[in-house]
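**Student:**
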Amino acid sequence: MATAQKLVVEVVDARNLVPKDGHGTSSPYVVVDYYGQRKRTRTVTRDINPTWNEVLQFNVEKPSDVFSDMLELDVYHDKNHGPTSRQNSLGRLKLSSGQFVKKGEEALIYYPLEKKYLLSWIRGEIGLKIYYVDDVPPPPPPPVEEAKAEEGKVEPPSDNAAAPVPSNQQPPPAEVKPDDNAASPPADGESVKAVEAAPVGEEKGEAEGEKPAEGYDQVEPEADSKSVQADDHDDDIIAIAGCHVTSKPARKAKYFEWDQTFAFARDTPETSSFLEVSVWADAGGANFLGGVCFDATEIPLRDPPDSPLAPQWYRLEGGGAHRGDLMLATWIGTQADEAFPDSWKSDAAGNLVNSRAKIYLSPKLWYLRASVLEAQDILPLTALKEGSFQMKAQLGFQVQKTKASVSRNGNPSWNEDLMFVAAEPFAEHLIFYLEYRQQKGPVTLGVVGIPLTSIERRVDDRKVISRWFNLEDPKSDKKGYKGRVHLSLCFDGGYHVMDEAAHVCSDYRPTARQMWKPPVGTLELGIIGCKNLLPMKTINSKGSTDAYTVAKYGSKWVRTRTVSDSLDPKWNEQYTWKVYDPCTVLTIGVFDSWGALDIDSGKEATRPDFRMGKVRIRVSTLETGKVYKNTYPLVMLGNSGVQKMGELEVAVRFVRAAPTLDFLHVYSQPLLPLMHHIKPLGMPQQEMLRSTSVKILAAHLSRSEPPLRSEVVRYMLDADSHTFSMRKVRANWSRIVNVLSCLIDMVRWIEDTRMWKNPTATILVHALLVMLVWFPDLIIPTLAFYVFAIGVWNYRFRSKEKLPHFCPKMSLADSVDRDVATQGERVQALVTWRDPRATAIFVGLCLMVAFVLYLVPPKMIAMAFGFYYFRHPLFRDRMPSPALNFFRRLPSLSDKIM
């Protein structure tokens, strides 16, 4: 039965509204408009902090050109209450449907009200809960007259009732798009669309009602195609490019059916010019039934999005007395063909599991805040003595304890916050243990388990209602009262759960979807291939590497197919991500797979995938619309030093989707959400939670198929990046020296000017000195104009090389966000065009400041700055200033740290 979706808007309350009735109060009501449906709440008389607690439901319609998907909310003052004669606006609010969540994920959010008109005086905020629900309409009752008329009527069975209906449905196209280079023909003049293009032979039987087979570089045949018509034809052998492959035994129905697809790469030096398909009575090759031979130069080229190539019947030849026909289709194409993912591939050694590209999504992580307040009615083991009590909380493998509280009356108090990381779906319980500490060891007095599904969610710093929970006897299955504990539990959706280091983070959005902002662009990545990889293992006395690539940005992970036994693997796969913040980093890693081998030994089968290096690309360093095709060295840092493992060739492009002003406005916003500034987490606590997040992600992704192993996840997330070594200390010191080198260069320039090594420069310095001494008001604007001139001059000499990459000389420098080297490198980035948009903004501001200071007296500037600095807290914001946000977004050389 079809379900209709509804949007539910719970209008809870509002705070600190503007008085409009002339007596210091207002009589507000709310009007909500969604897809042309308008509903209103009741009027709360004479209250600037009204409470409604009303539920408004709206039908969710299909996208329309007339109505937008925006939810518009207006707060008005009722003209029937007070001396006003019109409905005065108290504020309005617009929300996009992308911010709404399903029922069960909703949270009470207070949105600040906005102005409806330019000169309106608006203040206050309104609390809402917005979510989707599924409305199942009741089934309509059957008509009474028709039911009576058909009650005694029985139809005879039809002859065609049991006839199967052939299925002509095609599978959806593959998500992997061809790279730009894959679309260009090879230099040797072959009519091949991509480097990975290959002819494919396919055998298809009469698979009625089944899913059609898919193939690489080939179009899928129809579902009712037929195969060999003889009764003793079982197996099929295909040979091309020096590669032989045997199909699975045929299914015998009306005709023999294989329903298989094979893909052969054409970029190998041993590529043959013929495709041979032979049919045998058994896999041992004892009874040859016939075959078909194709000239590879005459195989047709399929250029997506062309329609599928129709399969044809071919007469089997060379089988002697055996006669028969074989239906198949062959073509040359790219791996963008929808048939490619499920085909047998020659470069994957027939391993279907690891030969498919996969996309993984990280589970949604929440911070769980458990505030342990106090306990009552606790009876210690020894009466009339002081007892030391402690609360232990456990969520999965996470265990935290409060400090010990000494109490004589059995009512200990703690008032401590414990933070955990929880992943959706919430199937676990948060368990609290009350322990009585003794010299021999702690003794558990009581236990209580709380399901995560019953815990409230919040997105701000509002207080959560605390509750009392009864403790039970841990040694008995019967429920017994062992006291009670006072707890305050909530999921903090206003935080961003850190799983990466802060300076190389790929996402800064909060957990709560209601607080997400629309994306500002799209990031496109083309993974072309690797060159000159080192052999990672020895198979049959031969060095071998089974390489695959993993890319991570935000919550989306991608894994290319595994190319077996190749030191120069080619993938030519393309992926896209939505970008919500340009000051983020894309991470790409290359690994050698042990799972691609059919190893019977349990010891070798469980060996971890070997890391071969990774690449980081900062999105803010990419120009809009420009394609960066670069080859990056893959380097690994070991005990013997830096070792080059090979080279990775990728193509990357950033496409801006937001308007220019909105995109530049992002640079003035803080990186982390509001909760990180209102209730900041300490650095040790944040690192502990990050380590927990990495363990949860590794455990979740390792259960996928094919699994993304835990060692791969930990390496991509830099789980071991905070280990200490003297090499890191020396690397940090070299960064500081590099930052201070600009000051040394300035001192040398002053000394050269003093020694008249450049007479022209010395004369200009004398003229500037005279001007600044006689007109001291020009000192600050002259400095601003000088910085502008430096930025414009450096634009001519900006780096046109490939994007920043790991620097072996810098090694594994352990840096935090506030160290001297990072701040100095950000100052240098103001005029070095590492981030072209940030430097353009800074240079433009310097020019504007110079003109303003030239025209406005400095006394007025100083007075205005003083009044702004000492302004009342009512006019201050809890968020960092736009200038500080801009400075924190500047790139440093941390991107080049291994």
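Going by UniProt numbering, the first residue of the sequence shown is number 1, and it counts up by one from there. Ideal placement from N, C-alpha and C gives every residue a C-beta, glycine not left out.
1. With a cut-off of 8 Å on the beta carbons, I'd call lysine 103 and tyrosine 131 a contact; round off their distance for me.
2. CB-CB under 7 Å to methionine 771, same chain, minus the five flanking residues each way: which ones, in chain order?
3. Give the secondary structure of phenylalanine 340 by DSSP, where H, G and I count as helix, E and B as strand, and everything else as coil.
4. Give the straight-line distance between the Cα atoms of phenylalanine 867 and proline 873, rounded to the nearest whole angstrom.
5. Whose CA, out of Asn572, Tyr553, Gln828, Ser555, lies closest to the CA of arginine 561?
6. What three-state label does DSSP hand leucine 486 in the structure shown?
7. At the level of alpha carbons, what is the spacing between lysine 542 and phenylalanine 420?
8. Identify whether isoleucine 450 lies in helix, strand or coil by the three-state DSSP scheme.
9. Give the DSSP-derived three-state secondary structure of asparagine 630 in the structure shown.
10. Exposed or buried, what is phenylalanine 797 when buried is set at 16 or more other beta-carbons lying within 10 Å of its beta-carbon?
11. Return yes when the Cβ of glycine 290 is within less than 7 Å of the Cβ of leucine 309, no when it is not.
12. What whole-angstrom Cβ distance do glutamine 400 and tryptophan 344 have, given they're in contact under 8 Å?
13. Methionine 327 bridges to which residues according to DSSP?
14. Taking its Cβ as the centre, do 16 or more other Cβ atoms sit within 10 Å of methionine 70, making it buried, or is it exposed?
15. Quick one: grab the DSSP three-state call for aspartate 777.
16. So phenylalanine 294 and phenylalanine 274 are supposed to be a Cβ contact under 8 Å. How far apart are they, rounded?
17. Looking only at its own chain, which residues have a Cβ that is under 6 Å from the Cβ of lysine 364, when we skip the five neighbours before and after it?
18. Where does lysine 148 sit, in a helix, a strand or coil, going by DSSP?
19. Would you call the CB atoms of arginine 369 and aspartate 417 closer than 7 Å?
20. Using the C-alpha atoms, what's the distance from tyrosine 553 back to proline 19?
21. Buried or exposed, going by whether 16 or more other CB atoms sit within 10 Å of the CB of asparagine 88?
22. Between the C-alpha atoms of aspartate 581 and valine 619, what's the straight-line distance to the nearest angstrom?
23. Give me, in chain order, the residues of the same chain whose beta-carbon lies closer than 6 Å to that of aspartate 473; leave out the 5 immediate sequence neighbours on both sides.
24. Taking the alpha carbon of tryptophan 833 as the reference point, which residue from Thr621, Val856, Gln438, Asp325 has its own alpha carbon closest?
25. Pull up the CB-CB distance for valine 31 and leucine 128, whole angstroms please, since I reckon it's below 8 Å.
26. Cβ of isoleucine 617 within 7 Å of Cβ of valine 652?
27. Name the two residues that bound the continuous alpha helix (DSSP H) containing histidine 676.
28. Please classify valine 737: is it buried, with 16 or more other beta-carbons within 10 angstroms of its beta-carbon, or exposed?
29. Report the start-end ranges of each beta strand (DSSP E) in the segment 55-126 that is 3 residues or longer and not cut off at the edges.
30. For leucine 73, which option in Val60, Leu108, Pro112 has the closest C-alpha, if you only look at C-alpha atoms?
31. Going by the DSSP bridge assignment, what does cysteine 293 pair with across the sheet?
32. Buried or exposed for aspartate 477, please, with buried defined as at least 16 other CB atoms from any protein chain shown within 10 angstroms of its CB.
33. Mind reading off the beta-carbon distance from glycine 410 to aspartate 460? Whole number of angstroms is fine, and I expect it under 8 Å.
34. What's the gap between the Cα of lysine 626 and the Cα of isoleucine 332?
35. Going straight from the alpha carbon of tryptophan 313 to that of arginine 251, what length do you get?
36. Could you have a look at residue 912 and say whether DSSP puts it in helix, strand or coil?
**Tutor:** In this structure, then:
1. Numbered from its first residue, the sequence shown carries residue 103 at position 103. Numbered from its first residue, the sequence shown carries residue 131 at position 131. Yes, lysine 103 and tyrosine 131 are in contact; Cβ-Cβ is about 5 Å, under 8 Å.
2. For the purposes of this step, residue 771 is taken as the residue at position 771 of the sequence shown. Within the same chain, methionine 771 has close Cβ partners Leu778.
3. Sequence index remark: in the sequence shown, residue 340 carries index 340 (1-based). Three-state result, phenylalanine 340: coil.
4. One-based indexing of the sequence shown puts residue 867 at position 867. One-based indexing of the sequence shown puts residue 873 at position 873. Spanning the alpha carbons of phenylalanine 867 and proline 873 requires a straight line of approximately 12 Å.
5. Mapped onto the sequence shown, residue 561 falls at position 561. Among Asn572, Tyr553, Gln828, Ser555, the Cα nearest to that of arginine 561 belongs to Asn572.
6. Position 486 of the sequence shown, counting from 1, holds the residue named residue 486. Note that residue 486 corresponds to histidine in the displayed sequence, not to leucine. Strand at histidine 486.
7. Indexing the sequence shown from 1 puts residue 542 at position 542. Indexing the sequence shown from 1 puts residue 420 at position 420. Rounded to the nearest angstrom, the two C-alpha atoms are 48 Å apart.
8. The sequence position of residue 450 within the sequence shown is 450, counting from 1. It is a strand residue.
9. For the purposes of this step, residue 630 is identified with residue 630 of the sequence shown, where counting begins at 1. Residue state, collapsed to three classes: strand.
10. Locating residue 797 in the sequence shown gives position 797, counting from the first residue. So phenylalanine 797 ends up on the exposed side.
11. Numbered from 1 along the sequence shown, position 309 holds the residue referred to as residue 309. Numbered from 1 along the sequence shown, position 290 holds the residue referred to as residue 290. Not in contact: leucine 309 and glycine 290 (Cβ atoms no closer than 7 Å).
12. For the purposes of this step, residue 400 is identified with residue 400 of the sequence shown, where counting begins at 1. For the purposes of this step, residue 344 is identified with residue 344 of the sequence shown, where counting begins at 1. Going by Cβ atoms, the distance from glutamine 400 to tryptophan 344 rounds to 51 Å, so no, they are not a contact pair.
13. Within the sequence shown, residue 327 is the residue found at index 327, counting from 1. In DSSP, methionine 327 forms a bridge with Trp313.
14. Residue 70 sits at position 70 when you count from the first residue of the sequence shown. Within a 10 Å sphere around the beta-carbon of methionine 70 sit fewer than 16 other beta-carbons, which makes this residue exposed.
15. On the sequence shown, residue 777 is found 777 positions in, with the first residue counted as 1. Helix, per DSSP.
16. The residue you call residue 294 lines up with position 294 of the sequence shown. The residue you call residue 274 lines up with position 274 of the sequence shown. About 7 Å separates the two Cβ atoms, so the contact holds.
17. Your numbering for residue 364 matches position 364 in the sequence shown. Taken in chain order, the residues that qualify are Glu424.
18. Taking the first residue of the sequence shown as 1, we reach residue 148 at position 148. Because lysine 148 sits at a pLDDT of 44, beneath the cut-off of 50, its placement in the model cannot be relied upon, and the following sentence gives the value as read from the coordinates. Looking at lysine 148 - three-state DSSP - the assignment turns out to be helix.
19. Numbered from its first residue, the sequence shown carries residue 369 at position 369. Numbered from its first residue, the sequence shown carries residue 417 at position 417. The answer is yes: Cβ separation under 7 Å.
20. The sequence position of residue 19 within the sequence shown is 19, counting from 1. The sequence position of residue 553 within the sequence shown is 553, counting from 1. Distance between the alpha carbons of proline 19 and tyrosine 553: 47 Å.
21. If you number the sequence shown from 1, residue 88 lands on position 88. When all chains shown are included, asparagine 88 counts as buried.
22. The residue given as residue 581 occupies position 581 in the sequence shown. The residue given as residue 619 occupies position 619 in the sequence shown. Each residue's Cα considered, the two are about 9 Å apart.
23. Residue mapping note: residue 473 aligns to position 473 of the sequence shown, counting from 1. The residues are Gly480, Lys482.
24. Reading the sequence shown from its first residue, position 833 is the one you call residue 833. Ranking the options by Cα distance to tryptophan 833, first place goes to Thr621.
25. Counted from its first residue, the sequence shown places residue 31 at position 31. Counted from its first residue, the sequence shown places residue 128 at position 128. Not quite, the Cβ-Cβ distance comes to about 13 Å (not below 8 Å), so this is no contact.
26. Counted from its first residue, the sequence shown places residue 617 at position 617. Counted from its first residue, the sequence shown places residue 652 at position 652. Their beta carbons are under 7 Å apart, which means isoleucine 617 touches valine 652 by this criterion.
27. Here residue 676 corresponds to residue number 676 of the sequence shown, with the count starting at 1. Segment 675-678, the alpha helix (DSSP H) holding histidine 676.
28. Here residue 737 refers to the residue found at position 737 when the sequence shown is read from its first residue. Label assigned to valine 737: exposed.
29. 70-77, 88-96, 109-112
30. As a first step, residue 73 must be located in the sequence shown, where it is residue number 73. Nearest of Val60, Leu108, Pro112 to leucine 73, Cα basis: Pro112.
31. Working through the sequence shown from its first residue, we reach residue 293 at position 293. DSSP lists Glu276 as partners of cysteine 293.
32. Counting from 1 along the sequence shown, the entry for residue 477 is found at position 477. Within a 10 Å sphere around the beta-carbon of aspartate 477 sit fewer than 16 other beta-carbons, which makes this residue exposed.
33. By 1-based counting over the sequence shown, the position of residue 410 is 410. By 1-based counting over the sequence shown, the position of residue 460 is 460. Between glycine 410 and aspartate 460 the beta-carbon gap is near 36 Å, outside 8 Å, which marks them as no contact.
34. Against the sequence shown, residue 626 aligns to sequence position 626. Against the sequence shown, residue 332 aligns to sequence position 332. Cα to Cα, lysine 626 sits roughly 30 Å from isoleucine 332.
35. On the sequence shown, residue 313 is found 313 positions in, with the first residue counted as 1. On the sequence shown, residue 251 is found 251 positions in, with the first residue counted as 1. So the alpha carbons of these two residues sit roughly 18 Å apart.
36. Absent from the model: residue 912. The displayed extent of the chain is 1 to 898, so no value can be given.
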